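Please read the structure below before turning to the comments.
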Amino acid sequence: MKNYFNFAFFFLIGFIGVAQEINFQLTVNSDLVNQTNQQIFKTLEQSINEFMNNRAWTNQERSNEEKLDCSMVLNLTGYNNTQFEGTLQVQIQRPVYNTNFKTPILNYLDKDISFSYQEYQPLFYNTSTYESNLISLLSFYAFISLGMEADTFEEKGGSVFYGVAQQILNLTNQNQKKGWNQADGNRNRYWLIDNLSSNTFKEYRTAMYGYHRLGLDMMTEDPVTAKQNIMSSIESLNRLFSRRPNAFLNQIFFDAKSDEIVDIFSDGPEVDFQKTLNLLNKIAPFFGPKWKRIKY
Numbered sequence: 101m102k103n104y105f106n107f108a109f110f111f112l113i114g115f116i117g118v119a120q121e122i123n124f125q126l127t128v129n130s131d132l133v134n135q136t137n138q139q140i141f142k143t144l145e146q147s148i149n150e151f152m153n154n155r156a157w158t159n160q161e162r163s164n165e166e167k168l169d170c171s172m173v174l175n176l177t178g179y180n181n182t183q184f185e186g187t188l189q190v191q192i193q194r195p196v197y198n199t200n201f202k203t204p205i206l207n208y209l210d211k212d213i214s215f216s217y218q219e220y221q222p223l224f225y226n227t228s229t230y231e232s233n234l235i236s237l238l239s240f241y242a243f244i245s246l247g248m249e250a251d252t253f254e255e256k257g258g259s260v261f262y263g264v265a266q267q268i269l270n271l272t273n274q275n276q277k278k279g280w281n282q283a284d285g286n287r288n289r290y291w292l293i294d295n296l297s298s299n300t301f302k303e304y305r306t307a308m309y310g311y312h313r314l315g316l317d318m319m320t321e322d323p324v325t326a327k328q329n330i331m332s333s334i335e336s337l338n339r340l341f342s343r344r345p346n347a348f349l350n351q352i353f354f355d356a357k358s359d360e361i362v363d364i365f366s367d368g369p370e371v372d373f374q375k376t377l378n379l380l381n382k383i384a385p386f387f388g389p390k391w392k393r394i395k396y
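Counting from 1 along the sequence shown, just add 100 to a position and that's the residue number in this note's numbering.
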């Protein structure tokens, strides 16, 4: 896979073109909304997908095989004229070197979704002004996606993208929309970008790099070393746990990776896994039933 994470070279906000970096797919689920005319929801879905897929968020060129996959499910719980409320499930995957496999890097449920949208209204992203809560939500998660992916290729490689996501949050939280402010809870968009950007939680970003670039991307070449590097990444998360036992990012990591960890250490060459298993039960006990399935 090309080393295309030279940010000083390629990063350009607002560049519009055809070399999109993200394969984006959003599905609108309106089953919980009492609305006879479903056309508005179909139009919303189409408008969002066109907005996300028809712009390039950087000037980076990627082949189809190198693109980041981002899928979202918007589960609507309320609708009134032009006002929408619901939850948003965000899932991000990136390719693994020398394979046809894609690995999850985020699996997050945003419970604080509210926005206004009028059918057929155009969607535009502006780097320096607040357009709407819908635009802010979509662009925020676009840059979170790019940042988290970049962290898996280069240590702290996502910083420039997190800076843009922080700017979006700063512009948006002035409008008092739920989910953008620290007072709205301890596991929302405010805390997601705060934690990703903070040196306090640096072990998470170290783990993301080691797990993916030194682990998964090396799996076909040297599976024993790859597994050992993944175990080292879990040790990094343990160091974070020792300081911040309730760290949001530890939950974020294992929500995305728990099933994959089971598969990795249940297959292929054996490694000395007992210490790592003990750490998993310590720092992610909520996934205990899954850890019991690991056959090492």
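Heads up, the beta-carbon is just placed ideally off N, CA and C, and yes, glycines get one too.
Here the structure is a predicted model, which is why all the values come from computation and not from measurement.
With fewer than 16 other Cβ atoms from the protein chains shown falling within 10 Å of its own Cβ, Q374 counts as exposed. The alpha helix (DSSP H) runs lying completely inside the region 124-165 and spanning 4 residues or more are 139-153, given in chain order. A straight line joining the alpha-carbon of A307 with that of S332 spans about 8 Å.
Classified as exposed, G178 has fewer than 16 neighbouring CB atoms from the shown chains inside 10 Å of its CB. Per DSSP, S333 is one residue of the alpha helix (DSSP H) stretching across 323-343. The beta carbon of F341 lies closer than 8 Å to those of A347, N350, K382, I383 in the same chain, with the five residues before and after it left out. Look at F184 here: in three-state DSSP terms it is strand. Cβ-Cβ distances below 6 Å link Y396 to F365, F373 in the same chain, with the five nearest sequence neighbours on each side left out; the list follows chain order.
When only Cα atoms are considered, R393 and V362 end up about 7 Å apart.
The Cβ atoms of N270 and G279 do not sit closer than 8 Å to each other. Assigned with DSSP and collapsed to three states, N286 falls in coil, not helix or strand.
Under DSSP, M172 forms a beta bridge with L126, V190.
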